[in-house]
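What follows is a single structure, written as structure tokens, with notes after it.
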Amino acid sequence: MKRNKTVQIAAIAVTALVLSLTATTSASAATAKVNGACKTVGEKSGTLTCTQSGTKKVWKTTVVPAAIKSWLKDCNNQLSVVIGYGAGGATDIWARLLAKYIETETGAKVNVTNTPGAGGSLGINKVMSSKRNACTLGNVNLPSALQYLRPTSSVTYTKESLNLIATTGFSANVIVVHADSKYNTVKDLVDDMKANAGRIKAGSDGPGSDDAIAYYDLAQKTGTTFTQVVTDGSAAKVAALLSKQVDFFGGSITGVKANIDNKQFKALCVFSDVKSKFLPTTPTCKEAGYDVISTNMWSLFTSQGVLESRRQAIEDMLLKIAANTTYIADNDKLAIEVRPFTSDALSEEWTRQAVLYKSIISKL
Amino acid sequence: MSEIISNLQLGFDSVLTLNIFMWAVIGCGLGMITGVLPGFGPAAATGLLLPFAFVLPPTASIVMLACIYYGSMYGGTITSVLLNVPGEASSVATCIDGYAMTKRGMAGKALSISAVGSFIAGVIAVFGLIFSQKIAAIAITFTYLDVFGFSLLALTLVVGLTGDSMIKGLISAFLGLFIGMVGLDIYTGGPRFTMGLDQLQEGLPFIAIIMGIFGLSEILESIGGKKQPDYSGNIGSTLLKWQDFKDSIGAILRGTGIGFFFGLLPGSPAAASSFAAYTVEKRVSKTPERFGKGAIQGVAGPEAANNALGISNFIPLLALGIPSSATMAILLAAFTINGLTPGPLLFTNNPEIAWGLIASLALANVILLIMALPLVRMWVSILKIPTMILYTITLSFMSIGAYIIDGSMFSVLVLWIAGIVGFTLRRFGVPMAPAALTIVLGPMLEKSFRTALQVNYGEFSSLFSSSRANTAYALIVVVLATKMISSIRKSNKVRKMKSSAAMNGSK
Amino acid sequence: METTKDAPSKFLNGNRITAFVILLVSGNLLNFSLRYGLFLEDGAPGPGLFPAIITAPLVGLCIAWLIIGDREVPKVKQDSDSKDELTAELEAKLDEIQEIDSDGKKRIAWVFFWTIVMFATFERLGSIISLSIYSIGLLFSISNTKSWKVFPSTLLMILLVTFGAVKIGVMLPDPFNIFRIFGGQ
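Residue numbers (UniProt numbering), protein chains in the order written: chain U, 1 to 364; chain D, 1 to 507; chain E, 1 to 185.
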């Protein structure tokens, strides 16, 4: 009997082995494909080919700054990017794409981990408390990161606690209405908001969220009022507009481009200073006479205390990636604009937005 | 009609290449394996494997992710049936009778019927997918108010799950409802019951809770028990008999209908559909007392519902571009990564992808059935592992499963607290199934109620303005009234039987 | 799960204590809910409304449980004709709650002990070392197996599954880079 049991345990173990081998096979198949992707990059830039293990060739063919070399050595060629949002969201996709390019750039393995929760601040906390070797990078999104300025906020970080590196991703918010809607311009919408004070419904992620702040800003500047309908997440917001339970909402172009392309939604105006390259025919709200700005910026940061030369080297690397035409083309597919910001520019933009944010929430 | 056939042919043409077929098989296999890890539901599995979308061609990556999703749903069933460890809330309904069947030595049968039930439900649902444009046009007319009505109706299902003590059953239900309240209140932005913990702002990790109150508490109880259950001597035949099939085909078809419908409702939790299928089966059954003790219909119905829901979830995604669940959001991401836009345009611009996905789901059904049935014997042989060793391994895997929810020990801690609370409550006869249903229903009820009010400018009278919601309210009244009448009858009977019950009481 | 009728006095205290504990907790939660505010200024439901709707009945139910204690409505015994043999046999098998004897308590205590060890080591030593200690510890203390082969095969299985998980992209703590030594990334 006992012998029998042992045999069975061995059988189970063998099965487990087979199963994990299956996993391995497919994983390595994917790696092969990654190398293929790396090859395309190489063909474009003419510097590298990744016929074997994509990692080593890069080492030989690209000049790697000393600061990057020591960084990779400290990290055992293993980097980690912590995302404060769940898998499949815009931030997640942006980060995974960027991670892929950091891999080809450095030859290190980049793991993307999702630590969703508390509007991204759980991920930020995790990076803040990581070792001071910059092996762990994190994403920080403006303006959602500004939530620490809200009086009810329990968020513990401030701008000063983050060691900003650089921004690569950008997406402006756009006002959309249902394709059947009677509004064709943002002026139609504002006029109706004036005529039917408080009866026009805007889909929002909740008071104090980025979109609601933009609505309040618009309402204040036009002297109108509206009803806020809170939905749980961007997919729900899209569904609410499709089922005509709300009259309009403002969402990132990245999120609603598909619905606009599908002729489900009409785009009225873009909350940005320049027109979006993804919606060339849509005016900016400023052009339409309503000076409201509402955008999203995806940036990387690391913990304080990291060697400045190392941080600078990572910044340079990110800006180099942001200039890569293949990277830009890949982002175009996702309707993400590549708009690089250096750490200084990002810091300046942060301060500017923080002032604006405070002035709006103080009036609420 | 001929158009549909030519479209389907296009779909199958794009899928039935060796390359894509291989990815479909790998997807099903990977999905099944990841699904078997406790706590590893479809959303976790597809989320982890999303990076593949970056490296594979569009059809391959989407087909593979869809197959992973599909496979992991079946993988979750395996642990639910064999170990009473549900991978997520929707498998809890399967646990109830599936694990009871295992205790009866019918684990093989339970796994086979869930594979067959899933297959039938899947085939029917894929057929519905062909008409996704038309169905989606109806689905989009559902408002928050309608969803509120249906979730309230779903809540009355709890009555059917309370077991023998109504009070204890309701305590479990209300505790579950409460768990769903923890976290940030999205309407005001203020935290609720978070005790100052950032990790709780997004709410309690409910997969960890479900694993705790079911799997972990069961294991603790068995470890402490005087005599450990030993299934090794009697793991039963894996073969389905014609009679079993005849017994469960009704349940499968009803489950398919229920699951398909729930999958169309925006934001409806999968658990509600499988519990709905379970309670419906219990209600229509001639032998309701067998439920909870290994009724094959109690496995077939929820499994069919779960699978039909899994497929009808694709309808809002394909036809409207709206992801109705976390898993669908990840699939949507896979589309975007490949530069595709789900929605009406997908069918005109990339028909090979749209129809290819439909074809691949049909294919996944077949692949999964072919993979699942022969493997049943292997899975069941897990039960031959001496109980304590099996528990040791399961406990380790559960920790991994909980850890990866958010990459921290916090969820592992939640798992253990939930396990200990569940263990204690079960010892005093508080059933855990009602809590599993209400944990997912609570937030849905609150959000649909409050958003519906906002949509209607805060007028409470508007709650009765939708005919669909009113129908749901009427059904609630009917369900509660019949339950009351039957319990009055029952208590009369009890009074009559009291003396004999007292005599038979000691076993 | 139904409390068995054959041990009424044994669970008497337990039932009431549990009811009392839940009562205290839910009373506290109700208090919190009320403080969050039932309605907002404009009459819309506030953050505390649903929690209050949930916790208030919970308080009531706990009081009811406290009063009835372990006294239960006797179970409806179906007429023996209407119940087939199988069901009857099963009820006997499934309905009993496992009694936990002192050996069982010891085993559960061991589980808790090793779990605490696991908690302390999971992130510091990494998942492989921590889970190996955990499973060996558990096997030693709760299973009465004498076969030494059990240990390596259990370990092997845990190793394989962790490797499989890491292979498909699960991030597990690994401070000593063990995964890398074995070729995983």
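Beta carbons: idealized from backbone N, C-alpha and C, even for Gly.
**Message:** Which same chain residues end up closer than 6 Å to Ala37 of chain U when comparing Cβ atoms and leaving out the 5 residues on each side of it in sequence?
**Reply:** Since pLDDT at Ala37 of chain U reaches only 37, below the 50 mark, its modelled position is unreliable, and no value is offered.
**Asked** Is the distance from the Cβ of Ile78 of chain D to the Cβ of Tyr278 of chain D below 8 Å?
**Response** No, the pair does not count as a contact, with Cβ atoms beyond the cut-off.
**Item:** Any 3 or more C-beta pairs closer than 8 Å across the region 141-156 of chain E and the region 257-268 of chain D
**Value:** At 8 Å Cβ cutoff, the stretches do not touch.
**Asked** Can you tell which of U:Trp94, U:Lys126, U:Ser243 and U:Ser80 has its C-alpha closest to the C-alpha of Ala108 of chain U?
**Response** Taking only the C-alpha atoms, the option nearest Ala108 of chain U is U:Ser80.
**Prompt:** Is it the case that the Cβ atoms of Pro351 of chain D and Ala319 of chain D are separated by a distance below 8 Å?
**Reply:** Between Pro351 of chain D and Ala319 of chain D, the CB-CB gap reaches or exceeds 8 Å.
**Prompt:** DSSP on Ser80 of chain U, reduced to helix/strand/coil?
**Reply:** Judged by DSSP in its simplified three-state form, Ser80 of chain U adopts strand.
**Prompt:** Arg96 of chain U versus chain D: which residues are under 7 Å apart at the beta carbon?
**Reply:** Neighbours of Arg96 of chain U across chain D, judged by C-beta separation under 7 Å: Pro51 and Phe54.
**Prompt:** Ser359 of chain U by DSSP, collapsed to three states: which one?
**Reply:** Residue state for Ser359 of chain U is assigned as helix, using DSSP reduced to three classes.
**Item:** Cβ of Ala41 of chain D within 8 Å of any chain U Cβ
**Value:** For the record, residue 41 of chain D in the displayed sequence is Gly; it is not Ala. With 8 Å as the cut-off, Gly41 of chain D does not count as an interface residue toward chain U.
**Any chain C beta carbon closer than 8 Å to Asn31 of chain E** = Among the chains of the structure shown, chain C does not appear; the protein chains present are U, D and E.
**Prompt:** On the three-pair Cβ rule with 8 Å, is the region 130-137 of chain E touching the region 105-121 of chain E?
**Reply:** With a cut-off of 8 Å, the region 105-121 of chain E and the region 130-137 of chain E count as touching, because enough Cβ pairs lie within range.
**Request:** Starting from the C-beta of Ile321 of chain U, find all residues in its chain whose C-beta is less than 8 Å away, skip the five residues before and the five after it, and write them out in chain order.
**Result:** Sequence-distant Cβ neighbours of Ile321 of chain U in its own chain, meaning closer than 8 Å and more than five residues away, are Leu98, Tyr101, Ile102, Glu105, Thr168 and Tyr327.
**Asked** Quick one: does Ala329 of chain D have its CB under 8 Å from some CB of chain U?
**Response** Interface residue, yes.
**CA nearest to the CA of Ile476 of chain D, picked from D:Val158, D:Ile252, D:Leu332 and D:Glu88** = That would be D:Val158, whose Cα lies nearest to the Cα of Ile476 of chain D.
**Message:** Contact criterion: CB-CB distance below 8 Å. Does Glu3 of chain D meet it with respect to chain U?
**Reply:** So no, Glu3 of chain D is outside the interface.
**Request:** Please confirm if Phe122 of chain E has its CB atom under 8 Å from at least one CB of chain D.
**Result:** Residue contact check for Phe122 of chain E against chain D: a CB pair falls below 8 Å.
**Request:** Find the nearest neighbour of Leu142 of chain U within the set U:Asn296, U:Ile360 and U:Ala323, judged by alpha-carbon distance.
**Result:** Minimum Cα-Cα distance from Leu142 of chain U among the listed residues U:Asn296, U:Ile360 and U:Ala323 corresponds to U:Asn296.
**Item:** Entirely enclosed alpha helix (DSSP H) segments - the region 119-164 of chain U, minimum 4 residues
**Value:** The qualifying runs are 121-128.
**Asked** Short check: CB of Glu88 of chain D to CB of Ile210 of chain D, under 8 Å?
**Response** Result yes, Cβ atoms of Glu88 of chain D and Ile210 of chain D sit closer than 8 Å.
**Request:** State the Cα-Cα distance for the pair Pro81 of chain D and Thr327 of chain D, rounded to the nearest angstrom.
**Result:** Here residue 81 of chain D turns out to be Val, not Pro, going by the sequence shown. When only Cα atoms are considered, Val81 of chain D and Thr327 of chain D end up about 23 Å apart.
**Asked** Within 10 angstroms of its Cβ, does Glu446 of chain D collect 16 or more other Cβ (buried), or is it exposed?
**Response** A residue is called buried once 16 or more other Cβ atoms fall within 10 Å of its Cβ, and Glu446 of chain D is buried on that count.
**Request:** Compare the C-beta of Ala197 of chain U against all C-beta atoms of chain D and say whether one is closer than 8 Å.
**Result:** No - not a single Cβ of chain D is within 8 Å of the one on Ala197 of chain U.
**Asked** In chain E, what lies closer than 7 Å to Trp23 of chain D by C-beta?
**Response** Correct list: empty, because the minimum Cβ distance to chain E is about 15 Å.
**Asked** For chain D, is any of its Cβ atoms less than 8 Å away from the one on Pro51 of chain E?
**Response** For Pro51 of chain E, the answer is yes, since a Cβ of chain D falls inside 8 Å of its Cβ.
**Asked** According to the neighbour-count rule (16 or more other Cβ atoms, all chains shown, within 10 Å of its Cβ), is Ile62 of chain D buried or exposed?
**Response** So Ile62 of chain D counts as buried.
**Message:** Please tell me whether Ile200 of chain U and Thr227 of chain U are closer than 8 Å, where the distance is taken between their beta carbons.
**Reply:** For the 8 Å CB-CB criterion, Ile200 of chain U and Thr227 of chain U form a contact.
**Simplified DSSP assignment, three categories, for Gln201 of chain D** = Note: Gln201 of chain D maps to coil in three-state DSSP.
**Asked** In chain order, which continuous runs of the alpha helix (DSSP H) of length 4 or greater are located wholly inside the region 101-150 of chain D?
**Response** Qualifying alpha helix (DSSP H) stretches, in chain order: 107-130 and 132-139.
**Closest residue to Leu161 of chain D among D:Asn456, D:Lys496 and D:Pro434 (Cα-Cα distance)** = Taking Leu161 of chain D as reference, the option from D:Asn456, D:Lys496 and D:Pro434 with the minimal CA-CA separation is D:Pro434.
**Request:** To the nearest angstrom, report how far apart Met484 of chain D and Ala195 of chain U are at their CA atoms.
**Result:** Cα to Cα, Met484 of chain D sits roughly 52 Å from Ala195 of chain U.
**Request:** Taking 8 Å as the cut-off, decide whether the C-beta atoms of Phe301 of chain U and Val127 of chain U are in contact.
**Result:** Taking the C-beta atoms as reference points, Val127 of chain U is found nearer than 8 Å to Phe301 of chain U.
**Request:** Using a cut-off of 8 Å between C-beta atoms, extract the partners of Leu172 of chain E located in chain D.
**Result:** For Leu172 of chain E, the neighbours in chain D by C-beta distance under 8 Å run, in chain order, Ile400, Tyr403 and Ile404.
**Prompt:** Taking buried to mean at least 16 other C-beta atoms within 10 Å of its own C-beta, is Asn492 of chain D buried or exposed?
**Reply:** When all chains shown are included, Asn492 of chain D counts as exposed.
**Minimum Cβ-Cβ distance from Asp198 of chain D to chain U less than 8 Å** = Cβ-Cβ to chain U under 8 Å: yes for Asp198 of chain D.
**Prompt:** Pick from E:Ser153, E:Val166, E:Leu139 and E:Ser141: whose alpha carbon is nearest that of Gly126 of chain E?
**Reply:** The shortest C-alpha separation from Gly126 of chain E is found at E:Val166.
**Prompt:** Using a Cβ-Cβ cut-off of 8 Å (strictly less than) and excluding sequence neighbours within five positions of Pro57 of chain E, which residues of its own chain qualify?
**Reply:** Cβ within range, chain order: n/a, list empty.
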